[in-house]
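Working notes for the structure below.
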């Protein structure tokens with residue numbers, strides 16, 4: 023991961039369907055449009071999704087146990103000071119308001135550390151190492167300060183930054199620096215690569231130096247953000263159902279079964295017990311469903327030649343088919359093991375997005391080469407390399423941007439988002455809420471692949487029978 027926002031495309035050479043040539047990637051130099059990254063770190067998209075899924079959110083008061091932030095802290099624009107459960111909350115450091123309701127005893131629980139906004143989400147507790155390449159001066163200084171021991175336990179907080187509004191999500195991931203490599207150069211070309219591990223989840227309670235967001239150093243000479251955060255604890259023991267147990271923000275269990283007051287009638291109690299039993303039965307099916315759907319997806323990518331050929335370039339096939347072979351549903355009940363599977367699923371989502379970017383860039387490069395060659399022939403001049411997108415006629419630039427916009431929209435509808443879905447998992451306070459969210463994501467991809475596989479089989483059957491292209495496939499062009 024680089025500290026530039028948005029990060030550059032990971033693949034620069036054009037590979038897509040067979041008609042596209044690798045030469046295009048070497049012969050073009052493009053300024054990406056807002057859509058070419060297939061970026062989903064967008065506040066408007068988070069709001070739109072939250073609105074569509076309103077039935078899945080329950081209202082929360084401005085404070086719940088002291089950790090659900092008020093509107094001033096979360097960036098809530100509804101004016102009611104409250105927040106929907108599991109809705110991503112955003113803030114701008116320059117507009118961040120410290121809640122005076124936080125007493126001194128509560129603030130003793132806060133940790134002070136650097137705040138590192140990035141355009142992606144890092145899954146905690148997976149045990150995986152992450153590489154962050156720092157080139158911006160403020161991030162280079164932050165990395166050096168951490169290496170020099172300025173911050174306790176080498177900890178810093180990575181938080182999602184929205185590309186469209188430049189605001190920051192109020193819940194982030196605690197990272198611990200393990201190793202750093204520095205490349206010496208001129209002040210404008212300094213580079214520090216750090217290896218770190220995601221070790222926790224934290225709610226951002228306060229930004230101590232908002233002035234640096236606008237380019238001014240604070241009193242300590244820092245040119246990077248510093249935040250006070252409250253770190254969440256997780257339960258490492260296997261989670262049981264019991265009375266539909268749910269975790270609170272301190273990792274302690276609380277029962278969601280309420281039997282009313284002591285004088286409540288037995289009918290209400292029986293009704294609650296019946297609902298609890300039904301809920302537990304549904305929850306018991308979630309781990310089994312996740313494992314079964316995950317195994318089915320791996321099987322399709324590995325064994326279905328039609329899906330592999332249409333979905334995966336050569337470089338991605340090994341990535342998808344060598345994902346961990348999870349088989350035990352019990353692991354999902356253990357929160358630390360559950361996070362490993364969340365990390366695996368995010369890798370799969372990132373792989374899918376890289377593939378879509380890869381192919382989109384191939385189409386763009388080929389169009390640029392074809393137009394540039396045509397223009398050069400008409401003028402009787404040699405082809406000027408590299409071909410620059412900004413020098414193309416306006417109608418070509420509009421056509422390419424329209425194609426990128428369509429690809430971006432189709433990717434958002436695909437359901438393999440490596441950013442916002444995982445930010446939602448990050449902010450969820452209950453383990454079984456997170457399990458339910460992961461179950462929805464995995465099932466959605468299994469259904470998509472099965473539907474696509476059925477369409478391909480129907481097409482091949484019609485071709486074999488000499489019926490030509492079936493009507494169901496005539497309008498299925500696109501990037502998904």
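Residue numbers (this note's numbering): 23 to 502.
Note that the Cβ used here is the ideal one computed from N, Cα and C, for glycine as well.
Every value quoted in this text rests on a predicted model; they were computed, and no experiment measured them.
Quiz item: From which residue to which residue does the alpha helix (DSSP H) around residue 384 run?
Solution: 357-401
Quiz item: How about residue 6 and residue 445: are their beta carbons less than 8 angstroms apart?
Solution: Here the chain comprises residues numbered 23 to 502, so residue 6 is not present and cannot be evaluated.
Exercise. Return the CA-CA distance between residue 477 and residue 468, expressed in angstroms with no decimal places.
Key: Going from the Cα of residue 477 to the Cα of residue 468 covers about 14 angstroms.
Quiz item: If you draw a straight line from the C-alpha of residue 100 to the C-alpha of residue 69, how long is it?
Solution: For residue 100, the pLDDT reaches just 39, beneath the cut-off of 50, and the residue's location in the model is therefore unreliable, although a value from the coordinates is still provided. Distance between the alpha carbons of residue 100 and residue 69: 12 angstroms.
Quiz item: To which residues of the same chain is residue 240 closer than 8 angstroms at the C-beta, ignoring the five residues directly before and after it?
Solution: 230, 231, 233, 234, 248
Quiz item: Are residue 183 and residue 246 close, meaning C-beta to C-beta below 8 angstroms?
Solution: no
Practice problem: Using the Cα positions of residue 438 and residue 242, report the straight-line distance between them to the nearest angstrom. | Solution: 42 angstroms
Quiz prompt | Three-state secondary structure assigned by DSSP to residue 61 | solution = coil
Quiz prompt | Beta-carbon proximity of residue 398 to residue 373, cut-off 8 angstroms | solution = no
Exercise. Give the range of the alpha helix (DSSP H) segment to which residue 446 is assigned.
Key: 442-449
Practice problem: Look at the Cβ atom of residue 458, then the Cβ atom of residue 306, and state whether they are nearer than 8 angstroms. | Solution: no
Quiz prompt | Distance CB(residue 460)-CB(residue 313) smaller than 8 angstroms | solution = no
Quiz prompt | Opening and closing residue of the beta strand (DSSP E) in which residue 225 lies | solution = 213-229 is the extent of the beta strand (DSSP E) around residue 225.
Quiz prompt | Under the three-state DSSP convention, the category residue 239 falls into | solution = In the structure shown, residue 239 sits in coil (DSSP, three-state: anything other than H, G, I, E or B).
Practice problem: Would you please verify whether the beta carbon of residue 310 is less than 8 angstroms from any beta carbon of chain D? | Solution: The structure shown contains no chain D; it holds only a single protein chain.
Self-check item: Counted within 10 angstroms of its Cβ, other Cβ atoms place residue 13 as buried (16 or more) or exposed
Solution: Because the chain in this structure spans residues 23 to 502, residue 13 falls outside the shown range and cannot be described.
Quiz item: With distances taken between CB atoms, is the gap from residue 354 to residue 475 smaller than 8 angstroms?
Solution: no
Quiz item: Helix, strand or coil: how does DSSP classify residue 323 here?
Solution: Residue state, collapsed to three classes: helix.
Exercise. For residue 224, I'd like the list of residues in its chain whose CB is within less than 8 angstroms of its CB, leaving aside the five on either flank, ordered along the chain.
Key: Apart from the 5 residues on each side of it in sequence, residue 224 sits with its Cβ closer than 8 angstroms to the Cβ of 133, 179, 193, 194, 195, 196, 251, 252, 253, 254 in its chain, given in chain order.
Practice problem: Return the CA-CA distance between residue 140 and residue 471, expressed in angstroms with no decimal places. | Solution: 31 angstroms
Exercise. State buried or exposed for residue 71, treating a residue as buried only when at least 16 other CB atoms are found within 10 Å of its CB.
Key: So residue 71 ends up on the buried side.
Quiz item: Expressed to the nearest angstrom, what Euclidean distance is found between the alpha-carbon atoms of residue 392 and residue 168?
Solution: 49 angstroms
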